[in-house]
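Chains as they are written, first to last, in the working numbering: chain A, 1 to 600; chain B, 1001 to 1599.
All residues carry an ideal CB built from backbone N, CA and C; glycine is no exception.
Data block below; observations after.
If you want it as C-alpha cells, here you go:
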C-alpha cells in the first residue's frame, strides 16, 4: 500500500475464530477483489481485528469513519456493501446492525448498537479499532503514553500507589488486589525478579484473554513493562496456550515492534530501566493456569501446583520474587496510568472497581464477549446486552465461572457483578465464563459435565481432588443413568465439602462448586433422577423410556430403523419394544408418522 | 520477623511460646501434638499433597496443610475439631478406596503406615468405593519390586530418589486419577537408572516398593541336606535386626543371630567382617601404591554397589579412580568358593553362599558377571536383607532374643574392630587408614578431626599429617553430595587422596534392607541411625584386635594362600574392574557427563 496517501476508509473485518469459521477468509478475498475492481486500493485500509465479541451476528465487518457495523456478512453480499459504502458513500441499511440507538456515554465510542452501547470497554478498548499488528495504530490511540508517563513522572512506588488507589483486582478469578501484590514483590530484596502474564486460558468456552491479545497485544505488553518498572523486574514471560496461534503470532510481532521503538530492551526510552519479554507456550494442561503450576511448568517441571505460602510475589519463578497477573489485569494497567486512579475507581462497586469481560454462551440470543462495569446486574447482561433467550425459552439458571463456579437461578438475576456478591451466593467470578441455561437443560447432567472437565484436568497431586472428584463423578454417572441411590445426594455434599475445604489448589477447591450449587438450587431434579429414575428434561438419554402406544398402525418403519433390533411385531399389528435391547437413540420416535411412540 | 524470635500461638485454645520460622506441624510436634500425616517426611522437601495433616486456623475459610503452613504470631490453630476429624477420615477413606483390600497378604502387613493411620483415625466403614487402579507389577529388577497398585501417590519415593540420591530413577507420569509413579518411559526397572539402593522401600508408607524376596528359595536350599550352605553376616545386620523383634535399636545380636542361622540349618556361619578385613588389607595396599606414585588419586572406595552403579552410569570418566577391590561380601564369598571349597574338596555346585546384608543392592551386585568365580558360577548365590532373614527366623518359630549365643565358624569368623565400623559412614576410610598408616607410613593413625567441607554441602573432610606426609580425605553418604564431590574432583578444584562413598544415608546402617521404622514418630526414626552407628563403634572398641592387619586369620590366609596383598592370586579372587554403562532414560542435569568431552 502506498503510505503517502492517508486512506479515507478503514475496513475492519473480524478475524476471530467464530467469524473465520463462517467464511471470513473468502469475504476478505472478495473485499480485495472488489477494491481492486474499484481501483480504490490507496483509499482503503483493511484491518483484521481480534474477536469483536458479537459472535452471534458474525461475520462482522466495520467500516470507518463512522463505525458502521455490518453483520452476517457473506462473500456474496460484501461486494455490494463495499460498492455502495465506499464508491457511493451510502451505507447499506439492510445489513447494518442497528438495534436501539442509545446515547453512548462510555469510555470509547463503539457504534450505536445496543450490544456494544451498553458495554464499557476498558480492557478491550482498542478491540476492533486498531490494527493489532501495527504499532503505529496503537500509538495513534495514545499507546505507550502511560509507559512514558510512568518513567518520566512517577517513581516505581508512585506507580504502585496509583494501581493500589485504583482498586484494580486480579481478573484471573481470585480477585487479589493488584497493587498490593506488586508492593509485596517490590519490597523483596532480590537481584532478579520476574513479571509473568498468565495467558493460559483454559475454562471451556472462555476466550476473553485470547481476544484481548489478538485484538490489542501492545496493551498487554505496555502493562507488563509498567509493572516491571514498578517492582524492579528485568524479565517478563507471557505464558500462553499453544492452541492460540494467532495470539502468539501477534505477540511476537508486537514484541519486535516494541523493541524496535525502544519500549522494550535495554535503556527503555533512554532511561536506566531495561526489560525484556519472552513468550512460552503451555502444553494444554488446565492446571497450568494456576500460578504455582504455571511457574513449575516454566521451570521445566511437571505442571502441578505447590502449597502457598510462600506466594510467588516473594518466591516465584526460580525462587525469585515474581508478579503473576492475568491478561485482562495487564490490559487495565495502561488505562489506569493514563486516566488516573480516581477515574478508574469511579467505575464499579465499593470493593470491585473497573470492568469485567464475560464470555456469554448458552441459550442466549447474542452470544459472545461482553465487557461491563462492575455492578452491572446479571439481568442487564443477559437481557439488555445479550438480548435474552431465543425462541421464548425461559431462563432456568446461569453458570458463572466455568467449571470452578456455581449455578445461579432466576432469583439471582438482580445480583450485581462483583467479587463479594458472587462469593456470597456460592460462585466465583472466575475468569469470566457465563453460560445461560434454559428450562430444556438437565441440571444434574450439567453438573456432571463440569465435574467431568475438572476431574479430567486434575493434576493428581493432592488426594481430595485426585480421588474425590473421581468418586463424585462416579456418583453423578450413576444418578444420570438411573442407578442413583437415596444416600447419593448426601455423599455428594459430604465429599464436595471435604474437597472444597482441603484440596491443595484453587482448581481442586472449586471443582465441587457446580455440584454443590445445583444440589442447593435444584435438589428436586436430583431426587427425581434417583427416586423416580426420571429426567424431566429428557436430557439424560439413559433415563428415557420409549413405548409403543395404541396409535401404532403396525407399519414396521420403526422395526426397520431400530439399530439394535429392539422392536418386533407383525405388520398391521401393534409392535413392541424390548427395553433390554433399546439404546434410547430415539430413531423410532423420530420416524414414526403416527405418533405411535411415547417418550417419557 | 526474625526466625529466632519467640512468638505466641494457640493450639486448641492453649497458649504457647514457640520459635518463629517453623511450620505448624513442626511447632505442634515440639509441643507434644502429633498431627496425623502421610506424605510428610523430615528428610525430604514438603509436598503438601496428601492433605491428611490439615488443621483449622481461625479466620481462614479452608483447612490448611500443617506441614507447609508457617506459624504466625497470635495464630489460633485447631487440630482436633469434629469437622477436621471428619475431613481427615474422608481423605483417608478416599485413599483406601483406591488401594487394594489385601492387608493380610501384603508384604508390608504390620509395618504399613496407611494401615496404622486407618486404625488411628478409626476407619470402620467405606463410603465411596468405585474404580480402583490396576497396573502390572514390575519385578524385572534383581533387587526391587515396583507395585503401583499399592501406591498412594504421597511422592516420598520420588523425592528421596531425586533429592537425597539425585538419581531421578522414578517420577510421576500421567495425570489426575491416572497418575502413577514409574521410571522414565515406563521402562522395566532393571533397564532404568535405578541404583537399587532401596531408599524408596524404606520411605514408602505402603508396599509400592519392596525388595525382591529370595526367602522361599533359601528355605528350600536349607532343607536340601546335599547342599553346603554358607551364611555370612554383615556388620550392620547384627545391630539392627533386634528392631524387627521389637527390641530397641543398637543392641548387638551377633551371637544370637549366628545361633539362629545354625538352627535354621546353615552349615557354616561366617562373618562378613572377615571379608571387610581382607578388603581393608587390599585397599590399603592399593592406596599405598597410588599414593606413593601419585597416580589416579583420589582413590575412591567401591564397597557400595549402589555407588558403583552410579559411577558407571553418571561418572564413567572417574572409574579409574575407583578401588579395584571387591566389596567385603564379595571377597568373603570369593574366598569360600575359591579357597575354602577347594581346600576341603567340596563340590562347587553344592556350595551355596548366602549373604545376610542390610542392603538391597547386594542382590544386584551378586548378579554381576564380573564377580563370578567362573563362567556360570556365582560367588554369591543369594543376598538376603535384614528384613528377609528376620522373617525367615520368625516363620521358623525361632525367638531370636532367647537364642543361646554361638560364635562364628572358623577360619572366616575372626575379625578386627576396624572391620565392624565399615557399616557406618566414614568407617571404611578410617579402617583402611589404620592399616595404611601403620603398614606403609610406620605410624599410628592420629585421631581423625573431620570438618564440613566448605565447598560442598554434606561432605566431611579431614587432613592427616604424618611426618612430612599429608593425606587429604573426604567422606560422603547419600548420593546428592556425592555428585557435587565428583564434580569437584573432576574439575580438580581440591586435591583429595582418599574418598569414601556410601549411597545410603548414614552408610550401610541406613541401608534399603534394614527393618522398617517401628513407629510413626519421626523423632524416633532420626535417632535410630545414631544408635546403630554407636553400636558399631562399641563393637570396634570391644574387640582386642583393632586393625585388620593384626587379624591372625587374615595373616594366616595370606601366609598360606594369597601371599601378599595385590598378588596375582589376590588380584584374581579379590579384585575386579568396572566399565561405563550408558543408562536408558533421562540423565539429570546435575550429574550429566559429556561422553564426547572425555575423549
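Asked	Found
Specify the secondary structure class of residue 1216 (chain B) as computed by DSSP and reduced to three states.	helix
With distances taken from CA atoms, which of A:554, A:329, A:482 is nearest residue 168 (chain A)?	A:329
Taking only beta-carbon atoms, is residue 468 (chain A) less than 9 Å away from chain B?	yes
Check the Cβ of residue 302 (chain A) against every Cβ in chain B and list those closer than 8 Å, keeping chain order.	1171, 1172
Rounded to whole angstroms, how far is the Cβ of residue 1352 (chain B) from the Cβ of residue 1223 (chain B), which I believe are closer than 8 Å?	Not confirmed; about 12 Å, so no contact.
Take the Cβ of residue 318 (chain A) as the centre, count every other Cβ of all protein chains shown within 10 Å, and call the residue buried at 16 or more, exposed below.	exposed
With the cut-off set at 9 Å, would you say residue 1088 (chain B) and residue 1052 (chain B) are in Cβ contact?	yes
Tell me which residues share the same chain as residue 1047 (chain B) and place their Cβ nearer than 6 Å to its Cβ, disregarding the 5 neighbours each side in the sequence.	1039, 1155
Going by alpha carbons, who is nearest to residue 59 (chain A) out of A:66, A:76, A:43, A:44?	A:76
Hey, does residue 101 (chain A) have any beta-carbon neighbour from chain B nearer than 9 Å?	With a pLDDT of 37 at residue 101 (chain A), under the threshold of 50, the predicted position of this residue should be treated as unreliable, and no value is reported.
State the Cα-Cα distance for the pair residue 1349 (chain B) and residue 1536 (chain B), rounded to the nearest angstrom.	35 Å
Whole angstroms are fine: how far does the CA of residue 1326 (chain B) sit from the CA of residue 1570 (chain B)?	11 Å
Which runs of the alpha helix (DSSP H), 4 residues or longer, sit entirely within the region 1166-1225 of chain B?	1199-1203, 1215-1223
Since residue 1175 (chain B) and residue 458 (chain A) are thought to touch, with beta carbons under 8 Å apart, how far apart are those beta carbons, to the nearest angstrom?	7 Å
Residues of the region 1051-1080 of chain B in Cβ contact with chain A at a cutoff of 7 Å, in chain order, please.	1051, 1054, 1062, 1063, 1065, 1068, 1070
Along the region 433-455 of chain A, what residues have a CB closer than 8 Å to any CB found in chain B?	455
Residues of chain B with a CB under 9 Å from the CB of residue 616 (chain A): which are they?	Beyond the ends of chain A as shown, which are 1 and 600, falls residue 616 (chain A); an answer cannot be given.
Helix, strand or coil: which one does DSSP assign to residue 1031 (chain B)?	coil
Any beta-carbon of chain B closer than 9 Å to the one on residue 537 (chain A)?	no
From residue 337 (chain A) to residue 178 (chain A), what distance separates their C-alpha atoms?	14 Å
What is the rounded straight-line gap between the Cα of residue 176 (chain A) and the Cα of residue 207 (chain A)?	21 Å
Taking DSSP's pairing of strands, which residues face residue 70 (chain A) in a bridge?	A:61, A:96
Can you look up residue 292 (chain A) in the DSSP assignment and give me helix, strand or coil?	helix
Comparing C-alpha positions only, which one of B:1095, B:1497, B:1115 sits nearest to residue 1103 (chain B)?	B:1115
Alpha carbons only, please: which of B:1478, B:1230, B:1125, B:1510 is nearest the one belonging to residue 1412 (chain B)?	B:1230
Using a threshold of 9 Å, state whether the C-beta atoms of residue 172 (chain A) and residue 325 (chain A) are closer than that.	yes
Short check: CB of residue 434 (chain A) to CB of residue 400 (chain A), under 9 Å?	yes
Taking only three categories from DSSP, how would you classify residue 1393 (chain B)?	helix
Residue range of the alpha helix (DSSP H) that residue 588 (chain A) falls in?	587-591
Using C-beta distances below 7 Å, list every residue in its chain close to residue 1436 (chain B), excluding the 5 sequence neighbours before and after it, in chain order.	1284, 1287, 1288
Just to check my reading of the structure: residue 78 (chain A) and residue 61 (chain A) have Cβ atoms closer than 8 Å, yes? What is that Cβ distance to the nearest angstrom?	7 Å
Alpha carbons only, please: which of A:237, A:295, A:451 is nearest the one belonging to residue 275 (chain A)?	A:237
Runs of 3 residues minimum, wholly inside the region 233-267 of chain A: which ones carry the beta strand (DSSP E) assignment?	235-241
Cβ atoms of residue 1539 (chain B) and residue 1254 (chain B): under 9 Å apart, would you say?	yes
Ends of the beta strand (DSSP E) at residue 1475 (chain B)?	1469-1477
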